[in-house]
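Quick note on this note's numbering: the sequence shown kicks off at 1349 and runs consecutively.
Heads up: the structure comes next, in structure tokens.
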Amino acid sequence: MSGMIVSKFGGSSVANAGQIEKVRRIVAEDEKRRYVVVSAPGKDASDSEKVTDHLFNIATDGDHFKAKGKSIDAKQSYDRVVGKFRTLITDLGIDGEDIIDDLESELTSNISDKKRIDFFASRGEHYNAKIIARYFKAKGMIAKLMLPEDIGFLVSDRFGNAKVLPATHANLGLSLSDDAINIIPGYYGITLKGDLAVLSRGGSDLTGGEVAYAVEASLYENWTDTDGVYQVDPRIIPEAQVIPVLTYKEIRLLSSRGFNVFHFDAMISCKNRNIPINIRNTNNPQAPGTMIVTTRESDETAVGIGRMDDIACVYIEKDMIGETIGFTKELLDIFRDYGINTHHYPSDKDDIAVIVDQKDLQGKAADLTNTIRKRLNPNFLDINYDLCLLSPVGIGMKNTPGVLARAATALYKENINIEIVDQGPSQLSFHFGIHQRYADTGLKALYTTLLKQ
Ligand code: ASP
1349 MSGMIVSKFG
1359 GSSVANAGQI
1369 EKVRRIVAED
1379 EKRRYVVVSA
1389 PGKDASDSEK
1399 VTDHLFNIAT
1409 DGDHFKAKGK
1419 SIDAKQSYDR
1429 VVGKFRTLIT
1439 DLGIDGEDII
1449 DDLESELTSN
1459 ISDKKRIDFF
1469 ASRGEHYNAK
1479 IIARYFKAKG
1489 MIAKLMLPED
1499 IGFLVSDRFG
1509 NAKVLPATHA
1519 NLGLSLSDDA
1529 INIIPGYYGI
1539 TLKGDLAVLS
1549 RGGSDLTGGE
1559 VAYAVEASLY
1569 ENWTDTDGVY
1579 QVDPRIIPEA
1589 QVIPVLTYKE
1599 IRLLSSRGFN
1609 VFHFDAMISC
1619 KNRNIPINIR
1629 NTNNPQAPGT
1639 MIVTTRESDE
1649 TAVGIGRMDD
1659 IACVYIEKDM
1669 IGETIGFTKE
1679 LLDIFRDYGI
1689 NTHHYPSDKD
1699 DIAVIVDQKD
1709 LQGKAADLTN
1719 TIRKRLNPNF
1729 LDINYDLCLL
1739 SPVGIGMKNT
1749 PGVLARAATA
1759 LYKENINIEI
1769 VDQGPSQLSF
1779 HFGIHQRYAD
1789 TGLKALYTTL
1799 LKQ
């Protein structure tokens, strides 16, 4: 282990000069912070769109925002991106006209098709890293800019969703060293053919995870704009607390829409090298954040409650399912063929339910059910919409009698019918499916019973 820290700063942490100064102070505070991965500027008071979205919009000649029903054309996006970086340079008080010249010429270049979108999309991280490196140096810090194309950050040529190639680890290990603060743009890499390609959205997390793995960091910090991972969504329950320590398994189970503080793929690299991840708040650096580790001691039962809204349940009844070898496989194959991700599949002797995101059925439900009917000949088939899954999570729940009973009683007292029950095989979580209209009340009831001190 190098003993060094990799610190990744998300879009809101580097959205303007004020934020970048906070980043500089955080980095300067601990000399082990030697690897700094930065995102493109995110939303702030001056712009309700991220620079990366503007770049997609320029590359697609306005189609990116049009598809979202927004009326910002490519020229406006161009002006905002150039304006944003120009303001950054002015506000940081650095000399950067050459940077703006390069940006302007790259954003008007004639690159073709898929390569064009990725190249443009990568420019947010690229230019932000250049500016941040220059600012750190102007402030007397020993910093060096390490671009993915120069350090061998190799990715596949699946444009728009490139995957990191295995050779990247060795390349980074050779090219990065802790004799200076390395400023590394996140989100993109270089293909074997020398083109730039971006990872999936939010992919700077992935860059950070790869760097942490390659330099065998002692810690991977993920700096964002929340104090950490909350027990439950604080917008629904304002008194909810930040969870101080979570295992990798627990945070996976807690994931739900609205819980996405972290790109989960990035965790895999850290998990494989036993590198703890610390989710921190750039705007409140005193807060210790949430630490994600391999193992932990627990003196509580549940640590948090995950929630997934707008869930649908495809219910199938057929005599002898329990004795028909391969029935579940056949059924799940059909969902795969339609590109529908399945979350859970509680089953019994003569029936089975498949739990999916309601939005994934849009435009496909009729076709899907026809195919199931044709191929599996069920006695009965129905889709139940508008469900919410509430999922208490915690390693302490395993072997603790009564957690499910208490949770079920809490819902019973609110007169909420439980439509689905499914316990995770590791016993670290269970899932209650209830009608969407009871979601907030159900969450509050479970929070009060299982988590409130
Ligand atoms: N800038 C990219 C995005 O908005 C990647 C990132 O911020 O992590 O998706």
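Yeah, the Cβ is synthetic: ideal placement off N, Cα and C, and Gly gets one too.
Everything numeric in this text was worked out from a predicted model, so none of it was measured.
Practice task
Return the CA-CA distance between V1593 and G1557, expressed in angstroms with no decimal places.
Solution key: 19 angstroms
Handout entry: Residue environment, V1362, which counts as buried when at least 16 other CB atoms sit within 10 Å
Key = buried
Exercise for the section: May I have a chain-ordered list of the alpha helix (DSSP H) segments no shorter than 4 residues that lie completely inside the segment 1602 to 1656? Expected result: 1612 to 1620
Practice task
Would you identify the three-state DSSP class for K1492, choosing helix, strand or coil?
Solution key: strand
Practice task
Verify the contact flag: E1719, CB atom, against every heavy atom of the ligand ASP, threshold strictly below 7 angstroms.
Solution key: Residue 1719 is actually Thr in this sequence, not Glu. False, no ligand heavy atom lies under 7 angstroms from that Cβ.
Exercise for the section: Please report the residue range of the alpha helix (DSSP H) in which E1671 lies. Expected result: Where E1671 is concerned, there is no enclosing alpha helix (DSSP H), given that its DSSP letter is neither H nor E.
Handout entry: the segment 1726 to 1737 contacting the segment 1661 to 1671, beta-carbon criterion three pairs below 8 angstroms
Key = yes
Practice task
May I ask you to report which of helix, strand or coil DSSP gives L1716?
Solution key: helix
Problem - Beta-carbon contacts of D1699 that lie in its chain and below 6 angstroms, excluding the five residues immediately before and after - result: E1665
Problem - Inter-residue spacing [alpha-carbon to alpha-carbon] between P1496 and A1560 - result: 15 angstroms
Problem - Three-pair Cβ contact test at 8 angstroms for the segment 1624 to 1639 versus the segment 1581 to 1599 - result: yes
Exercise for the section: Give the DSSP bridge partners of H1783, in chain order. Expected result: L1735
Handout entry: Residues near D1421 in its chain [Cβ-Cβ closer than 6 angstroms; skip 5 each side]
Key = G1410
Handout entry: Cα-Cα separation between G1606 and D1581, rounded to whole angstroms
Key = Below a pLDDT of 50, predicted positions are generally treated as unreliable, and G1606, at 49, falls in that range; the measurement from the model is reported next regardless. The alpha-carbon atoms of G1606 and D1581 are separated by roughly 8 angstroms.
Exercise for the section: Compute the Euclidean distance between the alpha carbons of R1373 and N1631, then round it to the nearest angstrom. Expected result: 11 angstroms
Exercise for the section: Determine, using beta carbons only, whether E1767 and H1783 come nearer to each other than 8 angstroms. Expected result: yes
Problem - Bridge partners - R1381, DSSP secondary structure assignment - result: I1353
Practice task
Have a look at the DSSP bridge pairing and note the partners of F1778.
Solution key: Q1771
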